[in-house]
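Laid out in structure tokens, this is it:
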């Protein structure tokens, strides 16, 4: 009789399997092989399970740590382990705003970039050294103390818009603290009784002479066309980065905005994402086509010639065939996609119009730094986005109708255009009144001659 041998040895498990629940590994895309944590994050209005993604991470241990930290925060949110207002030691502003509202509630319900903005506001204003209110008890906040905090920040040289933003965040944090289930004993939101500081909205008063100065400062690089192109088309930074040769029709003199480049996430946590998002910044998945000014077309053709010449001289510096960290996202919220590959032909249809020296995508932040160096050299004070404002101001000042300007700027509606360029429209209204006075004067003189 032959007995079959049955092994009792336990099957060896991979490191990923040993990591436990909510940990996965990406199979494709630019981050293939990296790890993510996909943790349950409550349910939506329809009862559908929601998840919060962390990663991607190169090390499995970091994904596990992100999962465990998030689960620990969830547990703290639903337990009564926090000190409450009626205890001997009342909860301070620091304990609530920083350790609970910001790190738990905001972290679970807001995008990473939003949380970063909130964190800066909390640390540099609400908890500011010497003038902050972090050590005050929540239940002791009143209008007088908060007005003193606001005024002390202003006296310390903090900008009024940032102070107002911090006051807005404090109002939100205190509103959450007043919810009955928090059991913090807070019944009055003192921050709502404090007025914001008056601010003056900065206007961009562009000058046509800026273009010549900026172009000259940029030298003979293919990037020297950016001031003219960005002003003529009213480009945002991400749209400059995402513009490809395939998007430009030189024969019909049109340009279609199919992609804009974004950078989001935190480099310290390995969650940075660089992506081509469909459409433009304010209307995802919608492609806008506008007319191409002749001067912009000529600048692009000159830039193309310079780019070809540079590619020949760059040699191995041009990383043809290299996969970029920037990927094409199918939707406005996708975190993975097909990587942009640096083409050997710098003016191929799929190539970006304004690449960096290696042929890769020139990211929005890097473009902003490049432009700041150019403005310093040219002696011009203006951010890169200021070129877009120049475009709208120039068009309106030359009598282009508001609906046409709105379409050229790719605004959602004419109301947005009117709000952004209200100062320019006021100037044009004065011109309209002057034109009517001139008309009456001509009529009066005509009658005098005939009489």
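In my numbering, the protein residues as written are 860 to 1310. In this text, a Cβ means the ideal position worked out from N, Cα and C, and glycines have one as well.
Around residue 1166, the same chain offers 1081, 1205, 1206 and 1214 as residues with beta carbons nearer than 8 Å, after the five sequence neighbours per side are excluded. The beta carbon of residue 1184 sits closer than 7 Å to those of 889 and 1133, all from its chain and outside the five residues before and after it, given in chain order. DSSP, reduced to helix, strand and coil, places residue 1123 within a strand of the structure shown.
Between residue 1135 and residue 1101, the C-beta gap is smaller than 7 Å, which places the two residues in contact. Counting only runs of 3 or more residues that sit fully inside the region 1192-1230, the beta strand (DSSP E) segments are 1197-1200, in chain order. With a contact defined as Cβ atoms closer than 8 Å, residue 1026 and residue 1055 qualify at about 6 Å.
Residue 878 is positioned such that its CB atom lies no closer than 7 Å to that of residue 896. The region 1157-1166 makes contact with the region 1080-1097: 3 or more CB pairs, one atom from each, lie closer than 8 Å. Relative to the Cα of residue 1077, the nearest Cα in the group 960, 1229 and 1004 belongs to 1229. Counting other Cβ atoms within 10 Å of its Cβ, residue 999 stays below 16 and is therefore classed as exposed. Selection 1258, 978, 1240 and 1161 evaluated against residue 1079 yields 1161 as nearest (Cα-Cα). In terms of Cα proximity to residue 1051, the closest of 1044, 1058, 1037 and 1041 is 1037.
Here residue 957 has 981 and 986 as same chain residues with Cβ atoms under 7 Å from its own Cβ, once five neighbours each way along the sequence are excluded. No residue range can be given for residue 1052, since it is assigned to no alpha helix (DSSP H) and is classified by DSSP as neither H nor E. Residue 977 holds the alpha-carbon nearest to the alpha-carbon of residue 1021 among 1260, 977, 1169 and 1105. Residue environment: residue 984 is assigned as buried (16 or more neighbouring CB atoms within 10 Å of its CB, all protein chains considered). Residue burial annotation: residue 1249 is buried, with at least 16 other C-beta atoms found within 10 angstroms of its C-beta. Bounds of any beta strand (DSSP E) do not take in residue 1091; it lies within the alpha helix (DSSP H) bounded by 1085-1092. Around the beta-carbon of residue 1181, fewer than 16 other beta-carbon atoms lie within 10 Å, marking it exposed.
Counting along the chain, residue 1080 sits inside no beta strand (DSSP E), nor does DSSP assign it H or E at all.
At a Cβ-Cβ threshold of 7 Å, residue 1096 and residue 1254 do not count as neighbours. Using a 10 angstroms sphere on the CB of residue 1301, the tally of other CB atoms stays under 16, which defines it as exposed. In the structure shown, the three-state DSSP call for residue 928 is helix. Bridge partners of residue 1117 according to DSSP: none are assigned. Shown here for residue 1272: same chain residues with a beta carbon closer than 8 Å to its own, the five before and five after excluded, namely 1265 in chain order. Exclusion of the five residues before and after residue 1203 leaves 1179 as the residues of its chain whose Cβ lies within less than 6 Å of its Cβ. Take residue 1151, set aside five residues on each side of it, and the residues of its chain with a beta-carbon closer than 6 Å to its own are 1112, 1113 and 1114, in chain order. Annotation: residue 984 is outside any beta strand (DSSP E) and is labelled neither H nor E by DSSP.
Looking only at 1221, 1140, 908 and 1275, the smallest Cα-Cα distance to residue 1201 is reached by 1221. Looking from the CA of residue 1232, the closest CA among 1017, 1074, 1173 and 1267 belongs to 1074.
Under the DSSP assignment, residue 1148 falls in the beta strand (DSSP E) whose first and last residues are 1147-1150. For residue 883, DSSP records a beta bridge to 895.
Taking all protein chains in view, the Cβ of residue 1015 is surrounded by fewer than 16 other Cβ atoms within 10 Å, so the residue is classified as exposed. Relative to residue 1013, the option among 1057, 873, 1223 and 1042 whose CA is nearest is 1057. Take residue 1098, set aside five residues on each side of it, and the residues of its chain with a beta-carbon closer than 7 Å to its own are 1116, 1119 and 1139, in chain order. The residues 1216 and 1217, in chain order, have a CB closer than 8 Å to that of residue 1176 in the same chain once the five nearest residues on each side in sequence are set aside.
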